[in-house]
Each structure stands twice: as C-alpha cells, then as structure tokens.
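Numbering (the UniProt record's numbering), first residue to last: 1 to 295. In what follows, a structure is listed as structure tokens, so that the remarks can point back to it.
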C-alpha cells in the first residue's frame, strides 16, 4: 500500500500486543519517536530501517564543551605569610626598680636603660638639660616634655598664665598619663626616657605619685633647684605662654623648696652650664641605680 509522500508512517501491526520497537526490529534497534509534524522525505533505505540516521550537524558558531579532566586531590599546603612591613612591638608595662649591680662594679647610667623624671620650677633649665642629656647618651634615649604634650591641645588649651583651675588640672592629668604611656612603650622596646615636669612636693597625688603610677616604681626622680635669681633671669628670656610673671615664678620656687629633706637627689645648678649639669646628673643617677631612692 502506497502512502502520500511526507505523511507519517503507521506503526507495524501485531495482533494482541502493543507496538514494540524490539518486536519490529529483531536487532534491538529502536526507531524514531512519533513526530508531531510532517516528516521530511525518507528514501527507501530509511523506510526499511537498515541504516542508522546520522546526528544533525551542530549549529553555526557552536563549540562543544571540552571534557573536564579529573584532578586528583592534593595535599594541604599552609599559606605563606605575607611580608607587610609591620614590626611587632613589646607592650609597655610598669617600669620596675633597677637592679643593683654587683658591689665590685660601678653602675654606668650612660649605658643603662632607665627612666628619669627631672623635677624643677619654671626656669630651672629642665628642658635644656634633659635634651642635652638625651642627645649625648650611648644608648637610645627619648626626651618627653610634659609642657610639649600639654600644648598638643590647640583649641581650648588651658593656659598656665590664666591660673590653676579644674580645666587646667584635667589637661595636666591627661598630658601626664600620655607621657607615662609613651615612656612605658619606649622602655619596653629598649629606649631610655627622661621626662621633665614642675612637680610640687605638697601635691603627691597630682605630682610625684601620679608619675609613679603611670610610669612605674622604677622611675628615678631628680630635682633641679637653682637659686631664685637664676630662675627669674631665665624666665625673663622666655616668650609666649611659657613665660610667667615674677610673682608666679617666686611662688613656684618657694614651694619647690619642700623637696629638701624629701630624700630625693637635688642638684643646685645655679653655677653650672648645661653640659656640666648633665654630667652631675649622670653621677646622681649612678648613685640612684646602686641605691634607689625611697619615694
């Protein structure tokens, strides 16, 4: 029986059974699924099912995916630390009392890592002596000036010429705590420190006791106390908020006299220049290292 060209072919008929491709093709070859539209023209060989139908060619521009190669698992390799340039620093802690050297040895403060507090009235030469002493040490040494740190505050600075009040005392305490924090970090990294401040003997909480609390019991205090005439002369050479009135200088100098009899070493540098005072300071510190002051 002939069928119209292009019309679908009916399935083979088997009585009592549904259509099975395996039954129609003894070799197990499965024919194509029923098509929904008119099929293309099939030649006689295709209608007999004797030759397989080749797959359609790929669409233009289509690239078949490359096969994925199986990668065997590799051993875990720890990451290599990156070089960032960051140098870890030991944390600063309270400065302990310097250990006394053997009796046969003479302590050399020029080669010892120490913390020094230079005390004195305005015009005593604390800053000049501290800078010179730090510049001429044979070990790394830092100079930390309380007045310099207090002047970090620009707007709202509590000017000492305006008198002592709650505002100025709060800034003083903040500056002293900042200086103590810096000193502890310098010392923890092997850098000696010398700090200078006009500490009053009649105010231990604000003065010497505060420094001991912020730096540590190993802080070595030394008092510079020249005569009143020398202090007034040096104060007259100052400018800005560092210069005080003569009355204020005389009042501070009188209060500093309370350090006599306190047990702290006192240097009268009235007749000494800065290098001479620095040499005397080394001698005083050598004795303080051998026998720390009880303060």
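Every residue gets a Cβ at the ideal spot worked out from N, C-alpha and C, and that includes glycine. What you are looking at is a predicted structure, and each value in this text was computed from that prediction instead of being measured.
Answer with buried or exposed for residue i, where buried requires no fewer than 16 other C-beta atoms within 10 angstroms of its C-beta.
i	result
residue 154	exposed
residue 91	exposed
residue 145	buried
residue 259	buried
residue 211	buried
Measure the C-alpha to C-alpha separation of residue i and residue j and round it to an integer number of angstroms.
i	j	result
residue 175	residue 138	28 Å
residue 215	residue 108	22 Å
residue 243	residue 148	14 Å
residue 250	residue 233	12 Å
residue 209	residue 88	31 Å
residue 170	residue 158	9 Å
residue 128	residue 203	25 Å
residue 269	residue 86	44 Å
residue 300	residue 156	It is not possible to answer for residue 300, since the shown part of the chain is limited to 1 through 295.
residue 283	residue 261	20 Å
residue 226	residue 288	21 Å
Relative to the C-alpha of residue i, which residue among the options is closest?
i	options	result
residue 201	211, 255, 224	255
residue 123	148, 187, 190, 252	252
residue 133	196, 230, 94, 185	196
residue 192	261, 290, 226, 131	131
residue 207	115, 120, 93, 263	120
residue 285	231, 220, 235	220
residue 198	245, 229, 118	118
Is DSSP giving residue i helix, strand or coil here?
i	result
residue 281	helix
residue 167	helix
residue 136	coil
residue 288	helix
residue 145	strand
residue 128	helix
residue 162	helix
residue 93	coil
Compute every distance between the C-beta of residue i and the non-hydrogen atoms of the ligand MN, then say whether any falls below 7 Å.
i	result
residue 131	The ligand MN is absent from the structure shown, which contains no ligand whatsoever.
Give me whichever residues DSSP pairs with residue i in a beta bridge.
i	result
residue 266	223
residue 197	119
residue 192	141
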